[in-house]
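Q: Chains A, B and C supply the protein sequences, listed in that same order.
Numbered per my numbering, the first sequence spans residues 80 to 406.
Numbered per my numbering, the second sequence spans residues 2 to 335.
Numbered per my numbering, the third sequence spans residues 238 to 538.
For each residue, glycine too, the CB sits at the ideal point set by N, CA and C.
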Amino acid sequence: MTANQPTLSVESLRTHFFTRAGVLKAVDDVSFTVSAGQVLGLVGESGSGKTVTGFSVIGLVDPPGRIVGGRVLFKGEDLVGAGEERLRRLRGDRVAMIFQDPMMTLNPVLRVDTQMIETILAHDPAVGRSAAMERARDALGRVGIPSPDERLRAYPHQFSGGMRQRVAIAIALLNRPDLIIADEPTTALDVTIQGQILYEVQKLCRETGAALIWITHDLSVIAGLADTVCVMYAGRIVESGTVDDVLDRPQHPYTAGLIGSVPSRNRRGVKLAQIPGMTPSLLSLPPGCAFRARCARADDACLAEPPLVIPSPGRGLRCFHPQADAR
Amino acid sequence: MSDAPPMLALDGISQRFVKRLDVAARIANLLGAKLKDEVVHAVDRVDLAVRQGEVVGLVGESGCGKSTLGRIAAGILAPSEGRRRWRGKTVAEMPAAEARAVELKVQMIFQDPFASLNPRLRVEDIVGEAPAVHGIVAGGERDAYVAELLRRVGLDPGFRRRYPHQFSGGQRARVGIARALAVKPEFLVCDEAVAALDVSIQAQVLNLFMDLRADLGLTYLFISHDLGVVEHLSDRVAIMYLGRFVEIAPAEEIFARPNHPYTAALLAGIPRLDARKRRFEPVKGEIPSPLNPPPGCHFHPRCPHAIPRCRVEAPALKAIAPGHWSACHLNDGK
Amino acid sequence: MTAEIVPVAPAVETPFRRFVAEFCASRLAVAGLVGLSIILLVAIFAPWIAPQDPYDLRQLDVLDGRLPPLSKSMGGKTYWLGTDDQGRDMLSGIMYGLRTSLLVGVGSSFFAMLIGMAAGLTAAYVGGAIETLIMRIVDIQLSFPAILIALILLAVLGQGVDKIMIALVAVQWAYYARTVRGTALVERRKEYIEAARCLALGKSRIVFRHLLPNCLPPLIVVNTVLVAGAIALEATLSFLGLGLPITKPSLGLLIANGFAYMLSGKYWISFFPGVALLATIVCINLVGDQLRDVLNPRLQK
Ligand SMILES: Nc1ncnc2c1ncn2[C@@H]1O[C@H](COP(=O)(O)OP(=O)(O)OP(=O)(O)O)[C@@H](O)[C@H]1O
Ligand SMILES: Nc1ncnc2c1ncn2[C@@H]1O[C@H](COP(=O)(O)OP(=O)(O)O)[C@@H](O)[C@H]1O
Ligand code: SF4
Ligand code: SF4
Ligand SMILES: [Mg+2]
Ligand SMILES: [Mg+2]
Numbered sequence: 080m081t082a083n084q085p086t087l088s089v090e091s092l093r094t095h096f097f098t099r100a101g102v103l104k105a106v107d108d109v110s111f112t113v114s115a116g117q118v119l120g121l122v123g124e125s126g127s128g129k130t131v132t133g134f135s136v137i138g139l140v141d142p143p144g145r146i147v148g149g150r151v152l153f154k155g156e157d158l159v160g161a162g163e164e165r166l167r168r169l170r171g172d173r174v175a176m177i178f179q180d181p182m183m184t185l186n187p188v189l190r191v192d193t194q195m196i197e198t199i200l201a202h203d204p205a206v207g208r209s210a211a212m213e214r215a216r217d218a219l220g221r222v223g224i225p226s227p228d229e230r231l232r233a234y235p236h237q238f239s240g241g242m243r244q245r246v247a248i249a250i251a252l253l254n255r256p257d258l259i260i261a262d263e264p265t266t267a268l269d270v271t272i273q274g275q276i277l278y279e280v281q282k283l284c285r286e287t288g289a290a291l292i293w294i295t296h297d298l299s300v301i302a303g304l305a306d307t308v309c310v311m312y313a314g315r316i317v318e319s320g321t322v323d324d325v326l327d328r329p330q331h332p333y334t335a336g337l338i339g340s341v342p343s344r345n346r347r348g349v350k351l352a353q354i355p356g357m358t359p360s361l362l363s364l365p366p367g368c369a370f371r372a373r374c375a376r377a378d379d380a381c382l383a384e385p386p387l388v389i390p391s392p393g394r395g396l397r398c399f400h401p402q403a404d405a406r
Numbered sequence: 002m003s004d005a006p007p008m009l010a011l012d013g014i015s016q017r018f019v020k021r022l023d024v025a026a027r028i029a030n031l032l033g034a035k036l037k038d039e040v041v042h043a044v045d046r047v048d049l050a051v052r053q054g055e056v057v058g059l060v061g062e063s064g065c066g067k068s069t070l071g072r073i074a075a076g077i078l079a080p081s082e083g084r085r086r087w088r089g090k091t092v093a094e095m096p097a098a099e100a101r102a103v104e105l106k107v108q109m110i111f112q113d114p115f116a117s118l119n120p121r122l123r124v125e126d127i128v129g130e131a132p133a134v135h136g137i138v139a140g141g142e143r144d145a146y147v148a149e150l151l152r153r154v155g156l157d158p159g160f161r162r163r164y165p166h167q168f169s170g171g172q173r174a175r176v177g178i179a180r181a182l183a184v185k186p187e188f189l190v191c192d193e194a195v196a197a198l199d200v201s202i203q204a205q206v207l208n209l210f211m212d213l214r215a216d217l218g219l220t221y222l223f224i225s226h227d228l229g230v231v232e233h234l235s236d237r238v239a240i241m242y243l244g245r246f247v248e249i250a251p252a253e254e255i256f257a258r259p260n261h262p263y264t265a266a267l268l269a270g271i272p273r274l275d276a277r278k279r280r281f282e283p284v285k286g287e288i289p290s291p292l293n294p295p296p297g298c299h300f301h302p303r304c305p306h307a308i309p310r311c312r313v314e315a316p317a318l319k320a321i322a323p324g325h326w327s328a329c330h331l332n333d334g335k
Numbered sequence: 238m239t240a241e242i243v244p245v246a247p248a249v250e251t252p253f254r255r256f257v258a259e260f261c262a263s264r265l266a267v268a269g270l271v272g273l274s275i276i277l278l279v280a281i282f283a284p285w286i287a288p289q290d291p292y293d294l295r296q297l298d299v300l301d302g303r304l305p306p307l308s309k310s311m312g313g314k315t316y317w318l319g320t321d322d323q324g325r326d327m328l329s330g331i332m333y334g335l336r337t338s339l340l341v342g343v344g345s346s347f348f349a350m351l352i353g354m355a356a357g358l359t360a361a362y363v364g365g366a367i368e369t370l371i372m373r374i375v376d377i378q379l380s381f382p383a384i385l386i387a388l389i390l391l392a393v394l395g396q397g398v399d400k401i402m403i404a405l406v407a408v409q410w411a412y413y414a415r416t417v418r419g420t421a422l423v424e425r426r427k428e429y430i431e432a433a434r435c436l437a438l439g440k441s442r443i444v445f446r447h448l449l450p451n452c453l454p455p456l457i458v459v460n461t462v463l464v465a466g467a468i469a470l471e472a473t474l475s476f477l478g479l480g481l482p483i484t485k486p487s488l489g490l491l492i493a494n495g496f497a498y499m500l501s502g503k504y505w506i507s508f509f510p511g512v513a514l515l516a517t518i519v520c521i522n523l524v525g526d527q528l529r530d531v532l533n534p535r536l537q538k
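(1) Does the structure place the region 217-235 of chain B close enough to the region 386-406 of chain A that three or more beta carbon pairs sit under 8 Å?
(2) Since A/L253 and A/A218 are thought to touch, with beta carbons under 8 Å apart, how far apart are those beta carbons, to the nearest angstrom?
(3) Smallest Cα separation from A/C309: which of A/V322, A/G155 and A/R190?
(4) State the DSSP-derived secondary structure class of A/D228, mapped to helix, strand or coil.
(5) Under a three-way DSSP split, which group does B/Y242 fall into?
(6) Between A/A302 and chain B, is there a C-beta pair that is closer than 8 Å?
(7) Quick one: does B/H42 have its CB under 8 Å from some CB of chain C?
(8) Secondary structure at C/A240, three-state DSSP: helix, strand or coil?
(9) Which residues in chain B sit within 9 Å of A/S239, going by Cβ to Cβ distance?
(10) Mind checking the region 102-127 of chain B against chain A and listing, in chain order, the residues whose C-beta falls within less than 8 Å of any C-beta there?
(11) Is the CB-CB distance between C/L422 and C/A404 below 8 Å?
(12) How would you label C/C261, buried or exposed, when you count the other beta carbons within 10 angstroms and need 16 or more for buried?
(13) Could you please go through the chain and list the residues whose beta-carbon is closer than 5 Å to any non-hydrogen atom of ligand 3?
(14) Using only the heavy atoms of ligand 4, determine whether one of them is closer than 7 Å to the beta carbon of B/G233.
(15) Compare the beta carbon distance of C/V458 and C/L379 with 8 Å and say whether it is the shorter of the two.
(16) Mind checking the region 425-436 of chain C against chain B and listing, in chain order, the residues whose C-beta falls within less than 7 Å of any C-beta there?
(17) Count the C-beta pairs between the region 288-296 of chain A and the region 245-265 of chain A that are closer than 8 Å, then say yes if the count reaches three, no if not.
(18) Compare the Cα-Cα distances from B/R153 to each of B/Y242, B/L228, B/M211 and B/I308 and report the closest residue.
(19) Check the Cβ-Cβ distances between B/E232 and every residue of chain A, and say whether any is below 8 Å.
(20) How about C/D290 and C/G324: are their beta carbons less than 8 Å apart?
(21) Taking 8 Å as the limit between beta carbons, can you name the residues of its chain near C/I221, skipping five residues before and five after?
(22) Based on DSSP bridge pairs, tell me the residues matched to A/S88.
(23) Residues in the region 64-86 of chain B with C-beta within 8 Å of chain C's C-beta atoms, listed in sequence order?
(24) Going along the chain, which residues of its own chain have a beta-carbon closer than 7 Å to the beta-carbon of C/V531, five neighbours each way excluded?
(25) Name the chain B residues whose beta carbon is nearer than 8 Å to that of A/H296?
(26) At the level of alpha carbons, what is the spacing between A/G192 and A/G241?
(27) Just how far apart, CA to CA, sit A/E286 and C/E368?
(28) Identify which residue in C/I518, C/P486 and C/G525 has its Cα closest to the Cα of C/D321.
(29) If the cut is a Cβ gap below 7 Å, which residues of chain B does C/P450 touch?
(30) Whole angstroms is fine: what's the gap from A/P256's alpha carbon to A/R245's?
(31) Is B/F246 near ligand 4, in the sense that its beta carbon is under 7 Å from a heavy atom of that ligand?
(32) Going by beta-carbon coordinates alone, are A/A305 and A/V118 separated by less than 8 Å?
(33) Just to confirm, is the Cβ distance from B/E104 to B/I14 under 8 Å?
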């Protein structure tokens, strides 16, 4: 393993769903990398393929979905070909996932301490029970849960939504994973609670040096949290780069439109710069650029598929007519 | 304030939801258990006056009573206490016909674009039913009326024979708006009307609200948990915490000079597009359960400035500047 | 001015087509539907396709009694499924029996549904003491075995198609009431009902035009189960001699008639009506199960 090898490198990943109504290309030629200690923000509107991308990385795509191409290199090891057993060992140990609904992680009928100790022992049986208990208590304290001793003996339903999400995060972080994939974990929570969780996650990543993929539809969260950002539209990453580059100097018309749509970016009472139309159905995508029907810059060139270009180091773009520094 | 009575006024509104003990609990009480009816003070003595043409934003966290207050304002829910006045007249004391007319004047736009449309009716019936029932359009003109409304909210009138599930979320939101507009309302209560929509679609619907305000002179009570949306749209903003208003002020004022510690914490906590790689500094603590809210100032367990008095005495809303009201004991010292 | 017109919505399959496609996803359910259709057709057209009118005593010949399947009659006709003790052609008997059984089952379920729907909707929308009263009656009734209630009622009312239908309605309305109330309570809280109230629409308009149609899908499922249940219950009652008069044999009565001859090797008098009854109930349940899966919103995408 070389020193500057990224923790995760996804190359031309394609995940398709073979539904009765046709083939749905939920993830189509997606590439990105995250290094240790880095936060990658994955933004896009609903149905753009963010969740499926996250699931594909950890091998959780269920039929009729299937990874049909590309590689997922986790510290150099390709996870696409890896067996179910290997993936299961990685999940919850080296790679952790946090879901929008914390009950995806938590078992409603088991006490929190049981679940946490089981997670620790499942991946490292050498740790004794009391040491595991100690670690569980630590983990709860670290995500900001007051009086962790009491809370350890509670059942998930005895927690509020924000607390539950924190417990799920604590469990995800128990084994100090190298990679954390967080799929809209704060979307269902209140602003003050979201603030608390962002704070804890930020602190933990800084401390443990884990690589973090933060999936969200909220550009503002990404702005405050991420180092790099990938903007997804209709299963593809249309623009990527550092947060400052992408948010301050968007080149893809979709990114620019999205930023213009955020109310706090606009003057009070003035109409928002809206993107016309709506997200296309992935089942009936016309050939060429998927954003064509909504794009003000579209012309005949856009009838072909825009290839991935690298306009400057560290950036990626899929557009024939990028906007030069529109601000 | 001008002499004309406000368009819609809520005076001393309280709403209690009582969950009565079931039979088993009552039997347990006979045997000595001291179980009580559970009472939620969803709204606790709130006053609100909305002037004609104004947009009032209502912000607060989940469970603080925004929707309950919105439903009271829209007349769907009768408050446990308090009066609702329309242009100065108490609605509860109006004759039935007049009260019904007021009911139509105040319409509500709902959050869930799926649940708020009857899945078994065509769009033309969803939009056209109420105006036909109330004699706002004659039978023969209904089609044209519906087509005009759909065009008004940015939908192709050719869609009018479709069912709700054949629309995207943003289009459904538009259908819901057309349904409300069909009875020629003057006041719209929007309860998280854009919360379920994608950012780009949300911008379209917000623009539609602004167009409607400009064209039809509508007045809004705009409920949202999203400060950015409220800031963009509202003239005045009310901040709610656990059933009470903690601060109410003109929008510029409240975003520039928040007075109440809770408002300040909310504003500091929201992620912003231009705040990069920031360190999030959260409000500590959890939102307390409305079943047994903290005594005194509801916010005191989370308040960084709390003083002993806050634990025993609830602060009253007081004017701290023209049009700027805040409920915090700290203002008394000034 | 007018807002920008949003371009066309995605082309979608109609709900009906999607429903059909999803229903057909299970071959077993399609087989059940085919079977059920055949059974229904046979029952409806029995007077035209049955080789014999089993109720017409002039067509019966006691000398043909208890003939095994495939035997020839005196008149040269073939009794495909044999005959019963009165020389009645079993095949014709089953066709007419199906007719009676289905009539009783479907008819009583229909009336039970009407009554249960009214009770359930009232309970859900009015609430308060009326709701408590209705639901307590339902609870009490559902805690007794259905057959017991039916037996008591029939003992009081006597025999006859109308009597047994009354008994079945009395047994089944409570299931409908409970289902309708459950769904209506959920639907009533949905925002479209609030929207209708906000638009000052009348109470009965809200209940019948907005609430009721949205409570129907679960009813369809319950309905299939209860029709099968009614048919089985009627057969049981007739078998016990409490149901239909001997002049109007249903499947249950046919089985009962042949039961005495089972041990003497004349299996067909009971066996074939039993098969018909079983096939009917299995087909209804297959269709019902699939309907439940297709209509269940939680399983829907
Ligand atoms: N019908 C009801 N019966 C009992 N309690 C209720 C009822 N409706 C609301 N409540 C309670 O009243 C309080 C305020 O509810 P409300 O729906 O107004 O909150 P909200 O501010 O709109 O929250 P959200 O942002 O989650 O929509 C909550 O504690 C809620 O549980
Ligand atoms: N199990 C599934 N079967 C069929 N299509 C699916 C399935 N899961 C996701 N999809 C489709 O894949 C696309 C991307 O979904 P997703 O990654 O969940 O979007 P999001 O960006 O909102 O997380 C959507 O069009 C969605 O409908
Ligand atoms: S490729 Fe063409 S249609 Fe696509 S975003 Fe660029 S300019 Fe618009
Ligand atoms: S009254 Fe006291 S506790 Fe409440 S906000 Fe003011 S300082 Fe904080
Ligand atoms: Mg998702
Ligand atoms: Mg609400």
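A: Considering the structure as presented:
(1) no
(2) The Cβ separation is near 5 Å, so the contact holds.
(3) A/V322
(4) helix
(5) Reduced to three states, the DSSP call for B/Y242 is strand.
(6) yes
(7) no
(8) Any reading at C/A240 needs caution, since the residue's pLDDT is 46, under 50, leaving its predicted position unreliable; the model's value is listed next. Of the three classes helix, strand and coil, the one that applies to C/A240 here is coil, per DSSP.
(9) E287, I288 and S290
(10) none
(11) no
(12) exposed
(13) Residues close to ligand 3 by the beta carbon criterion (under 5 Å to any non-hydrogen atom) are, from first to last along the chain, A/P332, A/C368, A/F370, A/R371, A/C374, A/R376, A/A377, A/C381, A/P385, A/C398, A/F399 and A/H400.
(14) Gly is not the amino acid found at residue 233 of chain B; the sequence shown has His there. Result no, Cβ not under 7 Å from ligand 4.
(15) With respect to the 8 Å criterion, C/V458 and C/L379 are not classified as neighbours on the basis of their beta carbons.
(16) Of all residues in the region 425-436 of chain C, K427, E428, Y429, E431, A432, R434, C435 and L436 have a Cβ within less than 7 Å of some Cβ in chain B.
(17) yes
(18) B/M211
(19) yes
(20) no
(21) The requested residue 221 of chain C does not occur in the structure, where chain C is confined to residues 238 to 538.
(22) A/T112 and A/L152
(23) R72, A75, G76 and I77
(24) F256, E259 and F260
(25) Neighbours of A/H296 on chain B, chain order: D199 and V200.
(26) The amino acid occupying residue 192 of chain A in the given sequence is Asp; Gly does not appear at that position. Distance between the alpha carbons of A/D192 and A/G241 is about 18 Å.
(27) 59 Å
(28) C/P486
(29) R121
(30) 16 Å
(31) Flag unset: Cβ of B/F246 not near ligand 4.
(32) yes
(33) no
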